[in-house]
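Peer 1: In my numbering, the protein residues as written are -9 to 386.
Quick reminder that beta carbons are idealized off the backbone N, C-alpha and C, glycines included.
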Amino acid sequence: MKAKLLGIALFGLTLATVLYYPQLMARNVTIDPPVDRHFTTKQIPKVDVVFVLDTTGSMGGLIQTAKEKIWSIATTMASAQQTPEIRIGLVAYRDRGDAYVTKIVDLSADLDTVYATLMDFEANGGGDTPESVNKALYDAVHNVSWSQDEQAYRAVFLVGDAPPHMDYNEMRYPEIVAAALDKGIVINTIQCGDLPMTVEPWTQIANLSHGEFFQVEQAGGAVAFATPYDADIAELSAKLDDTRLYFGTAEEKRKMRNKVAATEKLHEGSSISSRARRGAFNASDGGRANLLGDNELVAAVVSGAVDLDELEPDALPEELQAMAPAAQEEFVVGLAQKRADLQRQIKDLAENRSSYLAKKVEAAGGLKSSLDQKLYDAVKDQASAAGLEYEDGPAY
């Protein structure tokens, strides 16, 4: 069955290539062979980025910007010449006496689940001007599962508008930065607004850790243009999600049900533009890990990593358990062909979307002071030490 299934799947991919080759060549688009990175053992560059976000009452605009732009940021980080594995983490912070001091979302390639948690963040609390910045930085450096790969790009982006409490009996940022340097972590600081007392500690933190300090407007100053392609990409992205099937133990399938629940949450609660950015990311090489998750059957079978004949009935997805072997084969092949077609459609629309946005940005004067550009410049400069080269500018 395995040989037959692979043959049918490859035939479908070949047919799609033949059908679309003239259009792709007319646009000078390079056609890559159908390689499933999710199941390769080749060494892939690692990018670990933790955003440390002030979530007190004054930060509502920035939190909303983060909800809109996290997919663009992921796309930007994934746009290196050799596509890296992207993991993102979050540390939300307020101050003592608030509903929480910090909340940690560990680094993960499952950005859907990270995003679903981000959706619940709201601006509240605060009081006196300083916040628990030191505690947040400590958690980001010491309580997050950073990659142990020596060549990984590891970075923190501290985002807030108020200085740290220096009167608390806790580790302070000079010591925290020293620990970060020992771990190969660079800390960048983004000041929202222009509160004078924030400038000095934010600058010191960045300088001590060989990072970048920059100021943006209170709401973040990110590029947030909608495009005529957003609704179609968002719709196709939801259909692409529906091509996923998960196999394995009960615990492995439970974990992936949680991922699917996070996906459903973001489809229900995020904007069309945000879902379009996610769709464009998921259809790219850099977004495959987020799209597929773990133990995704269609990709595993097509890549040859799994043979349907060798799976125990209980390990199969529920959709397949009542099917005869031939029907299982047909079902999986159909999903593989559907996925390939949806990814092609999304990539075509994403190219059109990028061209549209490039013209909008050019018409607006280049927007060199935007959050998007400043993040890109920092990543481009710092990630070069990890062998990553960025040339295409920020994704919007």
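1. Have a look at the DSSP bridge pairing and note the partners of L43.
2. Which runs of the alpha helix (DSSP H) at least 4 residues long sit entirely within the stretch 151 to 191? Give them in chain order.
3. Taking the alpha carbon of V206 as the reference point, which residue from T188, V213, A89 and I180 has its own alpha carbon closest?
4. I need the straight-line Cα distance from G51 to A169, nearest angstrom please.
5. Looking at the structure shown, is L332 part of a helix, part of a strand, or coil, going by DSSP?
6. Assign S135 to one of three DSSP states: helix, strand, or coil.
7. Mind the definition here: the stretch 31 to 50 touches the stretch 80 to 96 only if three or more C-beta pairs lie below 8 Å; say whether that holds.
8. Taking 7 Å as the limit between beta carbons, can you name the residues of its chain near A228, skipping five residues before and five after?
9. Using only CA atoms, which one of D85, P384 and R267 lies nearest to G117?
10. I need the straight-line Cα distance from D284 to Y236, nearest angstrom please.
11. Could you check the C-alpha separation between E202 and A196 for me, to the nearest Å?
12. Taking all protein chains shown into account, decide if P384 is buried (16 or more other Cβ within 10 angstroms of its Cβ) or exposed.
13. Note down, in chain order, each residue of its chain lying with its Cβ closer than 8 Å to the Cβ of E242, except the 5 sequence neighbours on either side.
14. Measure the beta-carbon distance from D371 to S69 and round it to whole angstroms, keeping in mind my assumption that it falls under 8 Å.
15. In three-state DSSP terms, what is I34?
16. With 16 as the cutoff for other CB atoms within 10 Å, does R144 come out buried or exposed?
17. Are L198 and N178 close, meaning C-beta to C-beta below 8 Å?
18. If you draw a straight line from the C-alpha of K173 to the C-alpha of Y346, how long is it?
19. Only counting the same chain, and skipping five residues up and downstream in sequence, which positions put a Cβ closer than 6 Å to that of V351?
Peer 2: On the basis of the data shown:
1. Note: L43 sits in a beta bridge opposite A82 and V149.
2. Runs of the alpha helix (DSSP H) inside the stretch 151 to 191: 163 to 172.
3. Ranking the options by Cα distance to V206, first place goes to I180.
4. So the two alpha carbons sit approximately 31 Å from each other.
5. It is helical.
6. Here S135 sits in coil by DSSP.
7. Counting Cβ pairs under 8 Å, three or more are found: they touch.
8. Excluding positions up to five away in sequence, the list reads H257.
9. Of D85, P384 and R267, the smallest CA-CA separation from G117 is found for D85.
10. Answer to the nearest angstrom: the Cα atoms are 8 Å apart.
11. Answer to the nearest angstrom: the Cα atoms are 5 Å apart.
12. Classification of P384: buried, given that the 10 Å Cβ count is 16 or more.
13. Shown here for E242: same chain residues with a beta carbon closer than 8 Å to its own, the five before and five after excluded, namely Y236, D284 and N285 in chain order.
14. Contact flag wrong, Cβ pair sits at about 15 Å.
15. In this structure, I34 counts as coil in the three-state DSSP scheme.
16. It is buried - the Cβ of R144 has at least 16 other Cβ atoms within 10 Å.
17. No, Cβ-Cβ distance for L198 and N178 is not below 8 Å.
18. K173 and Y346: Cα-Cα distance of roughly 41 Å.
19. If we look at V351 and ignore the five residues flanking it on each side, its Cβ neighbours are L357.
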